[in-house]
Amino acid sequence: NAKAQDVVTFSCMDWSDGRNYERLGFHVTERLPPYCFWVKPSAPDAQRYRTYERQLPDAFFDEFLESESMAKDFPSFRPQSRNNSQVQDPRAKRAWVEFMAQKGYYPIHTAGTLKMVRMIDR
């Protein structure tokens, strides 16, 4: 019989400031940064309707990197991973959003997430 040492939950800051969890004995241990996911309103299946950036097809990112816009405006850009999350330059982000809009995807930005823990009395 394993006993829990603590309970962990996550609270989306789009919908909650965490006070309800605090009333239940939870406390904030970490504030996770905002992130982006993509929606494709015209998608026929719910699977593609909401997609995290890391789940986008690799071909999208490859095509974006090979695009005329990237070659002209950002010739020395080299990605560190297979998604666009690490692009910090606002112009490159704008180019990525425009590229994705041509594919029918639109970004949704979250407010971040609270990681909360409640210690179990021993």
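Each residue of the sequence shown is one higher than the one before, counting from -14 in this note's numbering. For every residue, glycine included, the Cβ atom is placed at its ideal position computed from N, Cα and C.
Can you tell me whether DSSP reads residue i as helix, strand or coil?
i, result
"R54", "Before going on, a small fix: residue 54 reads as Ser here, not Arg. In this structure, S54 counts as helix in the three-state DSSP scheme."
"K100", "strand"
"P92", "strand"
"F(-5)", "strand"
Starting from the Cα of residue i, find the closest Cα among the options and give me that residue.
i, options, result
"D58", "K100, D(-9), E38, R79", "R79"
"A77", "T98, G97, S54, A86", "S54"
"E7", "V(-8), S52, D(-1)", "V(-8)"
Under 9 Å, do residue i and residue j count as touching if we go by C-beta distance?
i, j, result
"Y90", "L50", "no"
"T14", "K88", "no"
"Q(-3)", "I93", "According to the sequence displayed, residue -3 carries Cys and not Gln. No, the Cβ-Cβ distance between C(-3) and I93 is not below 9 Å."
Over the uninterrupted beta strand (DSSP E) stretch that includes residue i, give me the two end residues.
i, result
"E15", "12 to 17"
Keeping to the same chain, check which residues put their C-beta closer than 7 Å to that of residue i; ignore five residues upstream and five downstream.
i, result
"R16", "G97, L99"
Going by DSSP, what residue range makes up the alpha helix (DSSP H) through residue i?
i, result
"Y20", "Premise fails: Y20 is in no alpha helix (DSSP H) and is neither H nor E."
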